[in-house]
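Each residue of the sequence shown is one higher than the one before, counting from 1 in full-length UniProt numbering.
Glycine included, C-beta positions come from ideal geometry on N, C-alpha and C.
Below is one structure, written out as structure tokens, with a few remarks after it.
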Amino acid sequence: MATPTFTAPEETSPTDHHRIRQSDSNTSFLRAARAGNLEKVLECLKGGVDINTCNQNGLNALHLAAKEGHVELVEELLERATPVDSATKKGNTALHIAALAGQEGVAKLLVKRGANVNSQSQNGFTPLYMAAQENHLDVVRYLLENGGNQSTATEDGFTPLAIALQQGHNQVVSLLLEKDTKGKVRLPALHIAARKDDIKAAALLLQNDHNADVQSKMMVNRTTENGKSGFTPLHIAAHYGNVNVSTLLLNRGAAVDFTARNGITPLHVASKRGNTSMVALLLDRGAQIDAKTRDGLTPLHCAARSGHELTVELLLERGAPLLARTKNGLSPLHMAAQGDHVDCLKHLLQHMTPVDDVTLDYLTGLHVAAHCGHYRVTKLLLDKRANPNARALNGFTPLHIACKKNRVKVMELLVKYGAVIQAITESGLTPIHVAAFMGHLNIVLLLLQNGASPDICNMRGETALHMAARAGQTEVVRCLLRNGALVDAKARENQTPLHIASRLGKAEIVQLLLQHMAHPDAATTNGYTPLHISAREGQLGVASVLLEAGASHSLPTKKGFTPLHVAAKYGSLDVAKLLLQRKASPDSSGKNGLTPLHVAAHYDNQQVALMLLEQGASPHATAKNGYTPLHIAAKRNQLGVAGALLGSGAEAAVLTRQGVAPLHLAAQEGHSDMVALLLQEGAAANMLTKNGLTSLHLAAQEDRVAIAEILTEHHANVDQHTKLGYTPLIVACHYGNVKMVNFLLQHGASVNEKTKAAQQGNTHIINILLQHGAKPNTVTVITAKFCGITAVPIPVQLSSSQFV
1 MATPTFTAPE ETSPTDHHRI RQSDSNTSFL RAARAGNLEK VLECLKGGVD
51 INTCNQNGLN ALHLAAKEGH VELVEELLER ATPVDSATKK GNTALHIAAL
101 AGQEGVAKLL VKRGANVNSQ SQNGFTPLYM AAQENHLDVV RYLLENGGNQ
151 STATEDGFTP LAIALQQGHN QVVSLLLEKD TKGKVRLPAL HIAARKDDIK
201 AAALLLQNDH NADVQSKMMV NRTTENGKSG FTPLHIAAHY GNVNVSTLLL
251 NRGAAVDFTA RNGITPLHVA SKRGNTSMVA LLLDRGAQID AKTRDGLTPL
301 HCAARSGHEL TVELLLERGA PLLARTKNGL SPLHMAAQGD HVDCLKHLLQ
351 HMTPVDDVTL DYLTGLHVAA HCGHYRVTKL LLDKRANPNA RALNGFTPLH
401 IACKKNRVKV MELLVKYGAV IQAITESGLT PIHVAAFMGH LNIVLLLLQN
451 GASPDICNMR GETALHMAAR AGQTEVVRCL LRNGALVDAK ARENQTPLHI
501 ASRLGKAEIV QLLLQHMAHP DAATTNGYTP LHISAREGQL GVASVLLEAG
551 ASHSLPTKKG FTPLHVAAKY GSLDVAKLLL QRKASPDSSG KNGLTPLHVA
601 AHYDNQQVAL MLLEQGASPH ATAKNGYTPL HIAAKRNQLG VAGALLGSGA
651 EAAVLTRQGV APLHLAAQEG HSDMVALLLQ EGAAANMLTK NGLTSLHLAA
701 QEDRVAIAEI LTEHHANVDQ HTKLGYTPLI VACHYGNVKM VNFLLQHGAS
751 VNEKTKAAQQ GNTHIINILL QHGAKPNTVT VITAKFCGIT AVPIPVQLSS
801 SQFV
């Protein structure tokens, strides 16, 4: 190995001192500069000394101050116009001298003041070379970060890296190598030497280990730090195909099958990159040819996927397993087909790989080629007698896949080689279903020209026209209709393509279907017409098109709902307006006598309710059970709707045939605000149902104390009897509602009304009644039913001590 030239500090000889003594002022000036005596330097300059005065070797005050690290003095000299790159007789600048001496502060100042960071002295030395030679790590780092070029070599060809390696300055070596990655992932020194195929650097790095038997093996198999790959230097060398450095690494103990993260070996890397010579070297050194990554990839998978024909051939000759599987069942054949690598595929087939080899999902190479649209691979496989009708696990054939992916040339080729044009998947899809749904017009036309039926149904009873309508494929719909597709074909639940297009708001497709005589009033098994469906979905444009085509706005569903009922249910305000504009009856009644206003009230669609009222809907309409819209709003606590109804003339005290008022329903459900509203609008707190129940009875039954408070504030009778003689207190006692019992008693309810409280065994309530003066021997209303048992004997039977 060549011996590098070393730089040394420039000194003054005894002769120099003699001569300097001849000029005391110059000597004093330079001595002051070396000593960092700023005051003395300024005094000399004031006395007329030339700032650029040099000694015999050409060192001036800036050079001397830089060598000794006098930052303040250096800055003063630069301020007084000392040239920052003034050179000595050997061509060294102040930056060279500061770098050699390790004066980082001075170096930084000089660079900031414009010093040439890559200036070369007489022998080609740069400041970076000098800092690397003397192991000044921080200076090296600073120079590299500020444009230092480590590729610049001395006259005898040595770079900063070479001198650092020669001197054994490992930290400097590592830094230089790391910075040489040009912004890529930072790598350890040996990894970078492997990347650059720098045998000399790699050898020196390994040679500098103190314990060659242990340390070098540790270094040679060291993985990348803070990286995701976990690669060793051998992985890196394999990636770049650097056979020379790989040989060195293997000779020095590199593990040929070292598995990085995800189970990747150097052989996987070399195979993926197509570095055939490297693959050969690794195999010669015992690399495992069937090694698998975490995903199950072998080196043959990697080479086949990347299309490296020579590498594939070599691996096959060395016995690579043909049928090795990845975790999802892909073989090298599938990989080659995926990448459109015809030559790799030929090698695999020549080595007797089954042409119809399948994955876990029963996908063949032909499926893969069809998916990717690889015509050449498809033809090769078909020429090798691949089955054009092979079915994947879901029943898809290569033709289905080609139609789905719009691979026209592959599709034509498959048909030419005998692909069944109406092959059916597990869900009943034919190729034309798939192409229609995806909107591939050219494929649809080709299929029709080759005899595909547009009316064949899938498992849901859908034709290609249904699927095109569902996907909004207007041009495909037009094509199918022109080619005779059944416009009113019925799928599951008797849905026609018009129903589907109406649901999705595809107005243009709806228009097309109607122009081809689609029945605008076709009904599903539940009686829904396309107009019902557009009303449900709020599809105003579609509803308008349907009505223009003569769709009926009065047809009921099996539950008796017209499209207006449906719009009211789902809050489709604009569609409801349109229907009313087209003379739909606002009071049309369904099976149970419900009007659209009842429905809007039930679902709290206030805007629709208001609009119906504005358009003349009756707030007094009664369903078969006698409920008005106000009853429903009260029960459902729809305050906004109730307010609109009352504002439009609905009676707060309206009764059903059973005498049930909205107030009864609101009280029973515990809707305090609704109860208050109804009472405010004229409902009587003591209104009786046919069997004599008041709202207070119903509140007592459900323990609605807050409701009872409102009712009593409006003079509800706490002792009102039903036809069977029950008071609210009796009801509360019967249901064990202690809070309500206390409330009623506090508001004067009679405790001596005949009661069946004891029959429920509620000792707590009995105690409350007794404390309020109830007569223990009062016979209950239902004496006959309960054999005359009085209130006292029951608690006595439970625990008479409670009443002592």
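- By the neighbour-count definition (other C-beta atoms within 10 Å, threshold 16), LYS506 is a buried residue.
- Here the segment 541 to 554 lies against the segment 581 to 589, with 3 or more beta-carbon pairs under 8 Å apart.
- Rounded to the nearest angstrom, the Cβ distance from THR293 to ALA320 is 14 Å, too far for a contact under 8 Å.
- As computed with DSSP, ASN60 is found in a beta bridge with CYS54.
- A distance below 7 Å separates the beta carbons of SER121 and GLY91.
- Taking the Cα of ALA676 as reference, the smallest distance to any Cα among GLN658, GLU709, ASP703 and GLU702 is reached at GLU709.
- Here ALA700 is buried: its Cβ has 16 or more other Cβ atoms, across all protein chains shown, within 10 Å.
- Contact check for ILE97 and ALA132: beta-carbon distance about 15 Å, past the 8 Å limit, so the pair fails to qualify.
- Listed in chain order, the non-local C-beta contacts of ASP138 below 7 Å within the same chain comprise GLU104, local neighbours out to five positions each way being set aside.
- Taking 8 Å as the upper bound for CB-CB distance, GLY241 and ARG273 are in contact here, some 7 Å apart.
- With a cutoff of 7 Å on beta-carbon distance, ASN637 and MET674 are scored as near each other.
- Take the alpha-carbon of HIS301 and the one of LEU413: they are about 27 Å apart.
- GLY643 sits in a helix when the DSSP states are folded into three classes.
- Under the three-state reduction of DSSP output, GLU702 falls in the coil class, being neither helix nor strand.
- The C-beta separation of GLY102 from GLU134 comes to about 6 Å, placing the pair in contact by the 8 Å criterion.
- Here GLU475 has GLY439 and LEU441 as same chain residues with Cβ atoms under 8 Å from its own Cβ, once five neighbours each way along the sequence are excluded.
- Excluding its 5 nearest sequence neighbours in each direction, HIS191 has C-beta neighbours in its own chain below 6 Å: PRO233 and ILE236, listed in chain order.
- Cβ atoms of THR88 and GLY58 come within 8 Å of each other, at about 4 Å.
- By the CB criterion at 7 Å, HIS664 and LEU698 fall inside the cutoff.
- Annotation: the segment 607 to 639 contains no complete segment of the beta strand (DSSP E) (minimum length 3 residues).
- Cβ neighbours of HIS374 within its own chain (closer than 6 Å, five residues either side excluded): ASP340.
- For LEU177, the CB contacts under 6 Å within the same chain, skipping 5 residues up- and downstream, are ALA189 and ILE192 in chain order.
- Beyond the five residues adjoining it in sequence on each side, GLU462 comes within less than 6 Å, by CB distance, of ALA491 in the same chain, given in chain order.
- Here HIS715 is exposed, its C-beta having fewer than 16 other C-beta atoms within 10 Å.
- Counting every other CB atom within 10 Å of its CB across the protein chains shown gives GLN658 a total below 16, marking it as exposed.
- DSSP, read as helix, strand or coil, puts ARG492 in helix.
- In the structure shown, THR595 adopts coil according to DSSP, grouped into three states.
- The beta-carbon distance between ALA522 and THR562, rounded to whole angstroms, is 16 Å. This is too long to meet the 8 Å contact definition.
- In the three-state DSSP reduction, ARG478 falls in the helix class (H, G or I).
- For SER453, there is no enclosing alpha helix (DSSP H), as DSSP marks it with neither H nor E.
- GLY647 sits exposed, since fewer than 16 C-beta atoms from the chains shown fall within 10 Å of its C-beta.
- Around TYR570, the same chain offers ARG536 as residues with beta carbons nearer than 6 Å, after the five sequence neighbours per side are excluded.
- Burial check for GLU681: the Cβ neighbour count within 10 Å reaches 16 or more, so the residue is buried.
- Annotated as distal: ALA617 and HIS598, with beta-carbon spacing of 7 Å or more.
- At the C-beta level, ALA324 and VAL312 stay beyond 7 Å of one another.
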